[in-house]
Every structure is written in structure tokens, then in C-alpha cells.
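Down below is the structure, laid out as C-alpha cells.
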Amino acid sequence: MILEFWQATLEALKGAPVWLYFLGLVLLPLVGMPVSPLWILAGVIFGNAKGIALCIGSLGFNFALGYWMARSLMRAPIERWLAARGKSVPAIPPEDEWLWIVLLRSTPGVPLFVQNYMLGLARVRFGLYLLLSFPIQIVYVTAFVMVGESLVTSSLWRGLLLGAGVLAVSVGVSLLRRHLLKRIGQGP
4 MILEFWQATL
14 EALKGAPVWL
24 YFLGLVLLPL
34 VGMPVSPLWI
44 LAGVIFGNAK
54 GIALCIGSLG
64 FNFALGYWMA
74 RSLMRAPIER
84 WLAARGKSVP
94 AIPPEDEWLW
104 IVLLRSTPGV
114 PLFVQNYMLG
124 LARVRFGLYL
134 LLSFPIQIVY
144 VTAFVMVGES
154 LVTSSLWRGL
164 LLGAGVLAVS
174 VGVSLLRRHL
184 LKRIGQGP
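In the working numbering, the protein residues as written are 4 to 191.
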């Protein structure tokens, strides 16, 4: 029963217009939807090349919209909420912006909307925000879309290679994060 439901859902999604999926990739993460299942689904539905292109294209709109929302629409309510608790939005010195962008973007498990909103609230420079955000997120997009595509092709060797690649990226991100945290004096 579950298998039939999954297959029917996939068929319905495959029949949906690409622009609708693109719109979902842009907007759903802004309201808290985890983005990795959407990226995996893109691999299942569209395959590697089209899935990766679709997800990367949507990232630009998602980044820009999330950043804009945090800097304008949401800033005053969040500042009031923090002030009522004796807190304020932290200011990041311009020379440290790159460090915080890389730390937030490379830390696994931090939802995309949290990353976007935190960096927008901190008012990091938009050009730097995009320049550093894209390469990091492209690594994640590629890995998750390839996982989705491998679920359809069921290639054991490809799946194992992909798993090893994801593990290597995770270790690399962990080492980078540790190095950056030491640099700002908050690490082990």
C-alpha cells in the first residue's frame, strides 16, 4: 500500500510543470521546509543534470528572497522580540563576515531558512553572501540530487561511491568548521 502511494505520488510530481517544482524549491524552504528532501526528490524526478541545474537555479532566488525578508520585513519584529528578552541582533564586523557565512553555510543540519535569515539579520554584504553561499550549497545540492537519482537507478557501486563521497565531504566540512572556530576562539 505504501509503495503504491509512493509510486502514485512520484508519477503525479513527474507530470507537474517544472516551474511549479522550481517555485516550491524557492519558497518552501523559506517557511521551514527542510530542503534536502526536495533536492533528493529532484534527483528522483529529473535525474542528475536537470535536477542539479533546477536546484542551483532556485538557490539564487531562495538566497535573495530570504536575505531580503530578514533585512526588511522580519527585522523589526525580530529585534522587538529579542529586546523583550534582553538580547539584540549581533553585529558582525566586515572583516569577519566571510567567516560567519562559511561557518553557517557549511554546518550540516542548520536549516537553509535559518542560514538565510541569520545572515540577512546580521546584514552581511549581499555580494559576499552570494559569492560564498553558492559554492558551499552546490556541494550539498549535488550530493543530495545524486542520492535521489541513484535511488531510481539502483546502481550499487554508484551508491557506494556516492556514500563515500558524502562521507568525505562531511569529514572535510567538519575539519573546516573546527579550523574556523579555532580562528575565532570558540573551538576546541
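Ideal Cβ positions, reconstructed from N, Cα and C, are used throughout, including at glycine.
- Using a threshold of 7 Å, state whether the C-beta atoms of Ile59 and Phe147 are closer than that. no
- Message: Less than 7 Å between the C-beta atoms of Val92 and Leu124, yes or no?
- Response: yes
- Query: Measuring CB to CB, does Ala73 end up less than 7 Å from Tyr120?
  - Reply: yes
- Query: Going by beta carbon distance, what residues of the same chain come within less than 7 Å of Glu100, once the five residues before and after it are set aside?
  - Reply: Within its own chain, the residues whose Cβ lies closer than 7 Å to the Cβ of Glu100, once the five positions on either side in sequence are excluded, are Val127, Arg128, Leu131, listed in chain order.
- Query: When the Cβ atoms of the segment 63-82 are set against those of the segment 97-113, are three or more pairs found closer than 8 Å?
  - Reply: no
- Less than 7 Å separating the beta-carbons of Val174 and Leu115? no
- Tell me whether Leu23 is buried or exposed, calling it buried when 16 or more other Cβ atoms sit within 10 Å of its Cβ. Flag for Leu23 reads exposed.
- Query: Does the Cβ-Cβ distance between Gly63 and Gly54 come in under 7 Å?
  - Reply: The Cβ atoms of Gly63 and Gly54 lie no closer than 7 Å to each other.
- Item | Buried versus exposed, by CB contacts within 10 Å (16 or more), Trp103 | buried
- How big is the Cα-Cα spacing for Met149 and Asn51? 6 Å
- Message: Less than 7 Å between the beta carbons of Ala111 and Asn65, yes or no?
- Response: Looking at the sequence shown, residue 111 is not Ala but Pro. It is not a contact, given that the beta carbons lie outside the stated cut-off.
- Query: Which of the three DSSP states, helix, strand or coil, is assigned to Pro20?
  - Reply: coil
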